[in-house]
Amino acid sequence: MRTFVLSALASGLVLGLSVPAKNQTKVGDTEVLIEAAAFTSVSTTPSGDKAQSWYADGAAAVAQAVDRTVNNTPGAARNVILFIGDGMGVSTVTAARILQGQMQGKLGEEHQLSFEKFPYAGLVKTYNTNQQTPDSAGTMTAMMTGVKTKAGVINVSEASLRGDAVDYLRKGEPLLTALELAEVAGKATGIVSTTRITHATPAATFAKIADRDWEDDGDFLKGEAGMGVMDIARQLVEFETLLESRLCDGSDHPNIDGIDVVLGGGRRSFFQQDPADLTGFAERAGEGDRKDGRNLIEEWKADGGIYVMDRAGFDALDRNSTARVLGLFNESHMRYEADRHKDAAGEPSLSEMTEKAIELLQRDEDGFFLMVEGGRIDHAHHSGSAYNALTDTIEMATAVAKAVENTDPEETLIIVTADHGHSFTIAGYPTRGNPILGKVVSNDSTGEPRSEPSVATDSLPYTTLGYTNGRGFANLGDETNADARYRAENADIATGRKDLSEVAVTAPGYHQEALVPTALGTHTGEDVTVHASGPGAHLVTGTIEQNVIFHVMNHAADLVNRAEAQLNGGVSPSASRPQRRGRRGIFRRLVRPLKRAL
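Just so you know, we're using my numbering here: the sequence shown kicks off at 4 and counts up by one.
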């Protein structure tokens, strides 16, 4: 007779179980001894306080995801807000998260920016059709129109050539934007940016042009004005007329009444040049770069709009007024957030402009479309200033929080993403909680922090943050304007390593070292993150092409169908056809009138 022993839990004693009791049975000629473990309470989860906290937080995140419901109904989003962190690559989000956490007294790494708490996220492929590493004109065109295109052109298809003033509308197809569709559909529309409002990202919400640099007619170099090209500033002020020309053969349409709220910088493109000024750059409130003698601000006001240029005017804006608002708070770009306190006229912050725009746009019972850009993140990175890039990213996260606070999550789709990244790195092996702007201090062999900064093979300390290319090291102390380095005594491009032993690298004016010396830090071609909440947010998952963002917004707010219904007496050609074919209905109406108008 054979005898087998089956143990219910061989390691029971090790785990603190009671001694197994033995039962014997017989199966044919085989005697079986069954050791049945008498279980006490057994836990497989961690017992230490910190371990329990990590474990519980992870379980809670999964439980929250399990409980989510999705809204697949087209048009469920009454409002759409698209946030663009210009140049806000993955490393920028990570470093800004840590910095904000450390500013709040935390170690930092465990912190989350406001939009990182959104339920849905993914990665976005940023390349242009002709460049592996993109520019902002092509990337924003993709997000606003659903069509990828070349670098440097705005809202024209890739058959257009950059700078081709003669043939860019004959060779390429002009593309309608999500903002234009929202306008036709009857929604209020708005643009907020810390850059010039004619700069590539905000311009891509409304303009169609073969060169992003044609912000005003003073930027024309080859007689483009005589070729009938309309600069970006004019396209903003004449938005209503142009859109009606494109879609309604010039006839008035009750829904097309102009962009309702425009807040940002760049007033120089709206005023005529001062003949006595030979610098070519506007410096005073009523001075500009235009050569055609037009004052577009007065034209905006003559059409019933309101113009503000300082804190007093901004604060006086009345939410009960139905007038369209144009706020231009700097002759060029607005200040960096850290530098904003120096503005004599009192620039509003990005979060304040966002909150004000939502307040004004919510007057429309049909909802609104709003684009908000944290545009100076990009400029700080170009300059090599991590401090300014990160503080502007934190301010954009604050603006996102304001949007969440002031809208209904059941009817508002909020998307936060970037147009591209920058050559910005987080490196070394700094200990947990090491100041993110500081020099690397690593751990010793026991895992505890060392008392001195780590050094490279050249025996010099180095910072956690750096750039793979750019202007490199500069030490401007407490200077909060990243652009000041271009005017500083050490404005030359730095090469080689610097001894940082006695340098206050966490100061606002410190610019990180760069590996490859270039006139400006460049964009990068890696994917960027996208975060979303509200109706349709669940569509933002996985790794997507950048133009898919338009299609998410279109589905959530049903923009194409509703716009076509308004143009076709209540009937949408797209409603009963696949989207790929259906969009031809509205675009066929666009091409010929647009070529005539521009």
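Note that the Cβ used here is the ideal one computed from N, Cα and C, for glycine as well.
Local Cβ density within 10 Å of residue 303, reported as buried at 16 or more and exposed below that:
The count along the sequence shown starts at 1 and reaches residue 303 at position 300. Classification for residue 303: buried.
* Check residue 554 in the structure and name its three-state DSSP category. => The count along the sequence shown starts at 1 and reaches residue 554 at position 551. Residue 554 falls in the helix class under three-state DSSP.
Between the Cα of residue 379 and those of 205, 309, 408, spot the shortest distance and give me the residue it belongs to. Locating residue 379 in the sequence shown gives position 376, counting from the first residue. Relative to the Cα of residue 379, the nearest Cα in the group 205, 309, 408 belongs to 205.
- Pairwise C-alpha distance: residue 55 and residue 47: The residue you call residue 47 lines up with position 44 of the sequence shown. The residue you call residue 55 lines up with position 52 of the sequence shown. Near 11 angstroms, if we compare the C-alpha coordinates of residue 55 and residue 47.
Q: Tell me residue 372's beta-bridge partners as DSSP assigns them.
A: Position 369 of the sequence shown, counting from 1, holds the residue named residue 372. In DSSP, residue 372 forms a bridge with 83, 192.
task: Provide the residue(s) that pair with residue 276 in DSSP beta bridges, ordered along the chain.
output: For the purposes of this step, residue 276 is identified with residue 273 of the sequence shown, where counting begins at 1. The partner list for residue 276 (beta bridge, DSSP) reads 291.
### Message
Taking 8 angstroms as the threshold (C-beta atoms), are residue 339 and residue 484 in contact?
### Response
For this step, residue 484 is matched to residue 481 along the sequence shown. For this step, residue 339 is matched to residue 336 along the sequence shown. Going by C-beta atoms, residue 484 is nearer than 8 angstroms to residue 339.
Handout entry: Environment of residue 370 [buried if 16+ CB atoms lie within 10 Å]
Key = The residue you call residue 370 lines up with position 367 of the sequence shown. Classification of residue 370: buried, given that the 10 Å Cβ count is 16 or more.
Spell out a yes or no on whether the stretch 184-199 and the stretch 266-275 are touching, meaning 3 or more CB-CB pairs, one atom from each, closer than 8 angstroms.
-> Touching, per the Cβ criterion.
Item to check | residue 243 beta carbon less than 8 angstroms from that of residue 260 | outcome: In the sequence shown, the residue the question calls residue 260 occupies position 257. In the sequence shown, the residue the question calls residue 243 occupies position 240. Between residue 260 and residue 243, the C-beta gap is smaller than 8 angstroms, which places the two residues in contact.
So the candidates are 293, 159, 309, 84; which of them puts its Cα closest to the Cα of residue 176?
Residue mapping note: residue 176 aligns to position 173 of the sequence shown, counting from 1. Here the closest residue by C-alpha is 159.
Q | Every unbroken beta strand (DSSP E) within the stretch 458-537, with a cutoff of 3 residues, ordered by chain | A | Look at the stretch 458-537 and you find these whole runs of beta strand (DSSP E), each 3 residues long or longer: 468-473, 517-520, 531-536.
ask   = Among 58, 142, 59, 85, which residue has its Cα nearest to the Cα of residue 535?
value = As a position in the sequence shown, residue 535 is number 532, starting the count at 1. Scanning 58, 142, 59, 85 for the CA closest to the CA of residue 535 turns up 85.
* Just confirm the distance between the C-beta atoms of residue 361 and residue 434, as a whole number of angstroms; I'd bet it's less than 8 angstroms. => Indexing the sequence shown from 1 puts residue 361 at position 358. Indexing the sequence shown from 1 puts residue 434 at position 431. About 41 angstroms; that fails the 8 angstroms criterion.
For residue 384, which of 74, 451, 472, 373 has the nearest alpha-carbon? Translated into positions along the sequence shown, residue 384 becomes position 381. Per the Cα distances, 472.
- Message: Is the separation between the beta-carbon of residue 98 and that of residue 429 shorter than 8 angstroms?
- Response: Within the sequence shown, the letter at position 95 stands for residue 98. Within the sequence shown, the letter at position 426 stands for residue 429. Cβ distance < 8 angstroms, so residue 98 and residue 429 count as in contact.
Exercise. What's the C-alpha gap between residue 393 and residue 511?
Worked result: As a working note, residue 393 is residue 390 in the sequence shown. As a working note, residue 511 is residue 508 in the sequence shown. Whole-angstrom Cα-Cα distance: 11 angstroms.
- Message: Please state the DSSP three-state secondary structure of residue 58.
- Response: Translated into positions along the sequence shown, residue 58 becomes position 55. Residue 58: helix per DSSP, three-state reduction.
The beta strand (DSSP E) with residue 246 in it runs from where to where? For this step, residue 246 is matched to residue 243 along the sequence shown. Counting along the chain, residue 246 falls outside any beta strand (DSSP E), though it belongs to the alpha helix (DSSP H) covering 242-251.
Can you check which of these residues, 78, 144, 255, is closest to residue 564 by C-alpha distance? Looking up residue 564 in the sequence shown gives position 561. Ranking the options by Cα distance to residue 564, first place goes to 78.
With 16 other CB atoms within 10 Å as the buried threshold, where does residue 254 fall? Looking up residue 254 in the sequence shown gives position 251. By the neighbour-count definition (other C-beta atoms within 10 Å, threshold 16), residue 254 is an exposed residue.
Starting from residue 442, follow its DSSP beta bridges and name the residues at the other end.
Mapped onto the sequence shown, residue 442 falls at position 439. Under DSSP, residue 442 forms a beta bridge with 466.
Is it the case that the Cβ atoms of residue 440 and residue 508 are separated by a distance below 8 angstroms? For the purposes of this step, residue 440 is taken as residue 437 along the sequence shown, with counting starting at 1. For the purposes of this step, residue 508 is taken as residue 505 along the sequence shown, with counting starting at 1. Yes, these two residues count as a Cβ contact at 8 angstroms.
* Measure the C-alpha to C-alpha separation of residue 404 and residue 241 and round it to an integer number of angstroms. => On the sequence shown, position 401 is the one that residue 404 refers to. On the sequence shown, position 238 is the one that residue 241 refers to. The straight-line gap from Cα to Cα measures roughly 33 angstroms.
| message | My output table needs one value for residue 118: the three-state DSSP class, helix, strand or coil. | response | Along the sequence shown, read from residue 1 onward, the residue named residue 118 stands at position 115. Correct three-state label for residue 118: helix.
From the DSSP output, read off the bridge partner residues of residue 548. Locating residue 548 in the sequence shown gives position 545, where the first residue counts as 1. DSSP output for residue 548 lists 128 as bridge partner(s).
Exercise. Looking only at DSSP bridge pairs, what is residue 177 linked to?
Worked result: Within the sequence shown, numbered from 1, the residue matching residue 177 stands at position 174. Answer by DSSP bridge pairing, in chain order: 159.
*Please report the Cβ distance between residue 520 and residue 498, rounded to the nearest whole angstrom; I am assuming they are in contact, meaning their Cβ atoms lie under 8 angstroms.*
Here residue 520 refers to the residue found at position 517 of the sequence shown. Here residue 498 refers to the residue found at position 495 of the sequence shown. Yes, residue 520 and residue 498 are in contact; Cβ-Cβ is about 5 angstroms, under 8 angstroms.
Taking three-plus beta-carbon pairs below 8 angstroms as touching, is the stretch 521-530 in contact with the stretch 112-129? At 8 angstroms Cβ cutoff, the stretches touch.
inquiry  = Per the DSSP calculation, residue 452 is bridged to which residue(s)?
reply    = Along the sequence shown, one-based indexing puts residue 452 at 449. Beta-bridge pairing links residue 452 to 446.
What is the C-beta distance between residue 537 and residue 475, in whole angstroms, given that I count them as a contact (C-beta under 8 angstroms)?
Counted from its first residue, the sequence shown places residue 537 at position 534. Counted from its first residue, the sequence shown places residue 475 at position 472. Rounded, the Cβ-Cβ distance is 42 angstroms, inconsistent with contact.
* To do: Using DSSP bridges, identify the partner residues of residue 427.
  => Taking the sequence shown and counting its residues from 1, the one referred to as residue 427 is at position 424. Bridge partners of residue 427: 470.
Item to check | Sequence-distant residues of its chain with Cβ nearer than 8 angstroms to residue 121 (five each side left out) | outcome: Numbered from 1 along the sequence shown, position 118 holds the residue referred to as residue 121. Excluding five sequence positions before and after residue 121, the CB atoms of its chain that fall closer than 8 angstroms to its own CB belong to 417, 419, 534, 535, 536, 540, given in chain order.
Q.
If distances are taken between C-alpha atoms only, which option among 491, 444, 189 comes closest to residue 568?
A. As a working mapping, residue 568 is identified with position 565 in the sequence shown. The shortest C-alpha separation from residue 568 is found at 189.
Within the same chain, show all residues whose beta-carbon is closer than 7 angstroms to that of residue 105, passing over the 5 residues directly before and after it, in chain order.
Here residue 105 is taken as the residue at index 102 of the sequence shown, counted from 1. So the qualifying residues of the chain are 111, 438, 439.
Minimum length 3: unbroken beta strand (DSSP E) runs contained in the stretch 311-394: Runs of the beta strand (DSSP E) lying entirely within the stretch 311-394, each at least 3 residues long, are 328-331, 371-377 in chain order.
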